[in-house]
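See structure below.
Numbering (this note's numbering), first residue to last: 13 to 991.
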């Protein structure tokens, strides 16, 4: 339970007086710009804190803030005025005792020093006290990284918010809160998972067992595991050319790809190995491929109007079929291989039947008036169903080679799939046995037709609302481009024009799984769910995408009619809000099973809604800002939340703005609600941020100092501080009491788009249009780490409730999950240090026991040249040093000798160590054959480095010998004659 303690003071500043929050004391104190001074001079401040407004869940009780009342007041004048704060009854118990070890409470001042705190007796009103502990050494907890979440205490009396330091053992300052662990500064994040584009259009194929899906993506062919959504392999052409077509054999063993380089490649896709490559012999790229039922013949249809058939086993071309008109985009073998027939279609809208025995076209089925999109053979092998973009399907009798029936579909059909005759499709209106087929096309829904009567038996419900008559007619934004049956899983898979791959139950058409292949530009992202098990993503489209992190299942939310621009999540993680260019706000709720429904919609802005923020304590209101320069506060009725919890919301309830206020002169880019729901901050293109009271949206002050537009504003979760990021490449921290700049962080080379507090408010994460993430420590103004994984602007940045995961979203279509690896790296470093100590001790023991061979081997394995040199010096100091050294060197392995050779090159550069280097070199040259030495890694570089220094050493020794001979000569001539 949060409590408050009265402390004398004014201004409501942590630290009191004109000083900033404790860990800002030694930082920058830049003054406001002219705009901020002008506003301050036109206002006076009166305390407006009400006891009934203090919530036990508030992390940031903003005491002492004033309301604009006309003329300016100095801080002493404000302190002397009678307070409007309601005082508790006089008999209220005081649950505080004097901190042990201190005779008087102290207060953190500028520069980290301490000064006596004013007496609480003269305080006119209530206040907030953040209880911390401080050691006798006066060290700062924020610098040491062991800050706990502060604990405010409520007492009768008055005063402003400040930090009370309490003596703690060890001399360190660590904020305390029962049951909380010390906060450690983060030092690094690592990529935990990357959700990136894996499908950018083209034909998709699924393995017969239904476990893998093959998706072309530019120069790559991505193989995805359907169960987990994980990327199994990414097959890429060596020539870096786009893959134009591919096919998987019916037995799931052989994969063949064709590229714009006119090459065909055969792959062992499970091992990601290319078995062979051959020229396609087409003069233009291959547009279509298909295997025969035996997986031995491969047919390729090219853009050069020819069809070629290859024997994959014997590896040669068996047929070259000419006669098609234009691009051959469909090739299919007859399912009865004994007939040796191939069906094809090109841009002449005809279906040609080729006899492979004579290599001639034996029939042409003419009936479509637009491109033929698919061919499907019935179980009797004498009936063919073709679909086309002329909005019809045709049933052909292959015996007579004539059309039996034309089925009008009333939409451009991209695929027709025959339903198995032995399946139970009673849920889809199929009551009788017969020939039934399923179509997918431009309207984006599946239909089931009876081939005998041309009647539509079932129409899939539309998961979205039609916008206008044109979309109702065509529905191009939601059209289906492909449909196929997955017999191994009893599923039907469809591919949408928005690059989504959807799996339905074949007998009920109930959605089983959905993958988003391409997200375009990602504009915002948030963690979702009580345990942050999902993320919700706003892409450059009207649809929202909710990803389940465990399975990569994607739920697509329809509702907005134009691009969604921003997201925010309520505290519990079950409800979130979105806003879009369609000038609307929508509130969504996730059910227990993970399904998300829209529960409310708000309309009222004159332009696109670019930013929003949800209430932090309860699910009570949403604040939105728009390009119309206004701020709107939308209240959420409690009855709406109750209905949503009970699952009684059938359609979105219409919301009306409770408050509307013109906030800035230019577009408002960001809005934030304080942790206690009492303040609102906005940031605009007019280069200012503003502070507003909530819920009446009365202006409280202006933050001026940025030189370009502000992209993001965020309240600190623990301090009365506002952070802003701007297009000028800086991040600034502001005190919300006098609107002065406390700190400025410079490091980004481009606009800083998003910021978020981490490590319980002691650190900042920022993302920029340069694609970089930067981790800042607030106390030191230091950029701890720069993370580079995106290739474009990072628009989205959010951390989870546990503060150990961060998700980022970028214009490069990637969503990346980052994991805090600070603890892991510390443990690894400690383990390395312990291992190093053990090995050092072992090395010392080996030298003491004169086990030189093991000592050498251990020193070489540690890659420590100086230690190896020490061992060699110890050996040479022995009585038979050279013999022992020679014996031990020769017993080393080849790789160890290579390491020693590399080491002695360095030793030889120093005259102090050249004797040991030359001794080892002599042993190697004496006992190793030249051919063997030439096999050593880096021998050429080693010889080139050894020669000049060795010559220099011999010259030095030669001069020394000459000098010694001269001394000997002088000595001989200076001897006295024998008496």
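Glycine included, C-beta positions come from ideal geometry on N, C-alpha and C. Here the structure is a predicted model, which means the values were calculated and not measured.
- Query: When the Cβ atoms of the stretch 531-549 are set against those of the stretch 803-810, are three or more pairs found closer than 8 Å?
  - Reply: yes
- In this structure, what does DSSP give as the bridge partners for residue 249? In the chain shown, the residue the question calls residue 249 occupies position 237. DSSP lists no partner for residue 249.
- Query: For residue 506, does the three-state DSSP call read helix, strand or coil?
  - Reply: Within the chain shown, numbered from 1, the residue matching residue 506 stands at position 494. It is a strand residue.
- Item | Reduced DSSP secondary structure (H/G/I, E/B, other) of residue 732 | Position 720 of the chain shown, counting from 1, holds the residue named residue 732. Coil, per DSSP.
- Query: According to DSSP, which residues form a beta bridge with residue 738?
  - Reply: In the chain shown, the residue the question calls residue 738 occupies position 726. Answer by DSSP bridge pairing, in chain order: 722.
- Item | Sequence-distant residues of its chain with Cβ nearer than 7 Å to residue 413 (five each side left out) | Counting from one through the chain shown, the residue named residue 413 turns up at place 401. Excluding residues within five positions, the ones whose Cβ falls inside 7 Å are 375 and 377.
- Message: On the criterion of 16 or more Cβ atoms from any shown chain inside 10 Å, does residue 364 qualify as buried, or is it exposed?
- Response: What you label residue 364 is simply residue 352 of the chain shown in a count that begins at 1. Buried.
- Query: In the structure shown, what three-state DSSP assignment does residue 767 receive?
  - Reply: Stepping through the chain shown from its first residue, residue 767 is reached at position 755. Three-state result, residue 767: strand.
- Message: Just to confirm the assignment, what range does the beta strand (DSSP E) spanning residue 495 have?
- Response: Reading the chain shown from its first residue, position 483 is the one you call residue 495. Looking at the DSSP string, the run of the beta strand (DSSP E) that includes residue 495 is 492-498.
- Give the range of the alpha helix (DSSP H) segment to which residue 968 is assigned. Within the chain shown, residue 968 is the residue found at index 956, counting from 1. Where residue 968 is concerned, the enclosing alpha helix (DSSP H) stretches over 951-986.
- Message: For a quick check, are the C-beta atoms of residue 900 and residue 868 less than 8 Å apart?
- Response: As a position in the chain shown, residue 900 is number 888, starting the count at 1. As a position in the chain shown, residue 868 is number 856, starting the count at 1. Cβ distance < 8 Å, so residue 900 and residue 868 count as in contact.
- Through-space distance from residue 824 to residue 760, alpha-carbon basis: In the chain shown, counting from the first residue as 1, residue 760 sits at position 748. In the chain shown, counting from the first residue as 1, residue 824 sits at position 812. Answer to the nearest angstrom: the Cα atoms are 19 Å apart.
- Task: Below 7 Å CB to CB, which residues in the same chain sit around residue 391 once its five sequence neighbours on both sides are set aside?
- Result: For this step, residue 391 is matched to residue 379 along the chain shown. Excluding positions up to five away in sequence, the list reads 433.
- Would you list the one or two residues that DSSP bridges to residue 924? Here residue 924 refers to the residue found at position 912 of the chain shown. In DSSP, residue 924 forms no bridge with anything.
- residue 740: which of 751, 517, 279 and 765 sits nearest, CA to CA? Here residue 740 is taken as the residue at index 728 of the chain shown, counted from 1. Minimum Cα distance to residue 740 is reached at 765.
- Helix, strand or coil for residue 932 per DSSP? As a first step, residue 932 must be located in the chain shown, where it is residue number 920. Three-state result, residue 932: helix.
- Message: When you compare the CB of residue 634 with every CB in chain C, is at least one pair closer than 8 Å?
- Response: Looking at the structure shown, chain C is missing, and only one protein chain is on hand.
- Tell me, to the nearest whole angstrom, how far the beta carbon of residue 914 is from that of residue 950; I am working on the premise that it is less than 8 Å. What you label residue 914 is simply residue 902 of the chain shown in a count that begins at 1. What you label residue 950 is simply residue 938 of the chain shown in a count that begins at 1. With 8 Å as the limit, residue 914 and residue 950 qualify as a contact, their Cβ atoms being about 6 Å apart.
- What are the start and end residues of the beta strand (DSSP E) that includes residue 377? Your numbering for residue 377 matches position 365 in the chain shown. Segment 372-377, the beta strand (DSSP E) holding residue 377.
- Message: I'd like the list of long-range same chain contacts for residue 883, defined as Cβ closer than 6 Å, with 5 residues on each side in sequence excluded.
- Response: Here residue 883 is taken as the residue at index 871 of the chain shown, counted from 1. So the qualifying residues of the chain are 867, 868 and 871.
- Message: Applying the 10 Å Cβ sphere with the 16-neighbour rule, what's the burial state of residue 894?
- Response: Counted from its first residue, the chain shown places residue 894 at position 882. Counting Cβ neighbours within 10 Å, residue 894 comes out exposed, since fewer than 16 surround it.
- Item | Residue interval of the beta strand (DSSP E) (run including residue 529) | Within the chain shown, the letter at position 517 stands for residue 529. No beta strand (DSSP E) holds residue 529; DSSP gives it neither H nor E.
- Task: With residue 580 as the anchor, note down where its beta strand (DSSP E) starts and where it stops.
- Result: By one-based count along the chain shown, residue 580 stands at place 568. Its beta strand (DSSP E) spans residues 576-581.
- Where does residue 689 fall in DSSP's three states? Your numbering for residue 689 matches position 677 in the chain shown. Reduced to three states, the DSSP call for residue 689 is coil.
- Item | Residues that DSSP places opposite residue 674 in a beta bridge | The residue labelled residue 674 in the question sits at position 662 within the chain shown. DSSP, once it has assigned bridges, lists 642 as partnering residue 674.
- Would residue 942 be called buried (16 or more neighbouring beta carbons within 10 Å of its own) or exposed? Here residue 942 refers to the residue found at position 930 when the chain shown is read from its first residue. Exposed, by the Cβ-count rule.
- Message: What residue range does the alpha helix (DSSP H) around residue 864 cover?
- Response: Numbered from its first residue, the chain shown carries residue 864 at position 852. Where residue 864 is concerned, the enclosing alpha helix (DSSP H) stretches over 864-873.
- Item | Complete alpha helix (DSSP H) runs within the stretch 822-910 (minimum length 4 residues, chain order) | 834-860, 864-873, 877-888 and 893-902
- Note down the Cα distance separating residue 33 from residue 197, rounded to an integer number of angstroms. Mapped onto the chain shown, residue 33 falls at position 21. Mapped onto the chain shown, residue 197 falls at position 185. Because the pLDDT at residue 33 is just 37, under 50, the model does not fix this residue reliably, and the point stays unresolved.
- Which whole-angstrom value is the C-beta distance of residue 343 and residue 359, which I expect to be below 8 Å? Here residue 343 is taken as the residue at index 331 of the chain shown, counted from 1. Here residue 359 is taken as the residue at index 347 of the chain shown, counted from 1. No, residue 343 and residue 359 are not in contact; Cβ-Cβ is about 14 Å, not under 8 Å.
- Counted within 10 angstroms of its Cβ, other Cβ atoms place residue 209 as buried (16 or more) or exposed: For the purposes of this step, residue 209 is taken as the residue at position 197 of the chain shown. By the 10 Å Cβ count, residue 209 comes out buried.
- Message: Between 454, 529 and 448, which has its C-alpha nearest residue 242's C-alpha?
- Response: Locating residue 242 in the chain shown gives position 230, where the first residue counts as 1. Among 454, 529 and 448, the Cα nearest to that of residue 242 belongs to 529.
- Can you list, in chain order, the residues of its chain whose CB lies under 6 Å from that of residue 659, leaving out five sequence neighbours each side? Sequence index remark: in the chain shown, residue 659 carries index 647 (1-based). The answer is none, since no qualifying residue turns up.
- Contact the stretch 216-227 vs the stretch 548-555: 3+ CB pairs below 8 Å: no
- Bounding residues of the alpha helix (DSSP H) (the contiguous stretch that carries residue 652): Position 640 of the chain shown, counted from the start, is the residue given in the question as residue 652. Residue 652 -> alpha helix (DSSP H) spans 650-658.
- Output yes or no for whether 8 Å exceeds the beta carbon distance between residue 459 and residue 471. As a first step, residue 459 must be located in the chain shown, where it is residue number 447. As a first step, residue 471 must be located in the chain shown, where it is residue number 459. Taking 8 Å as the Cβ cut-off, residue 459 and residue 471 qualify as a contacting pair.
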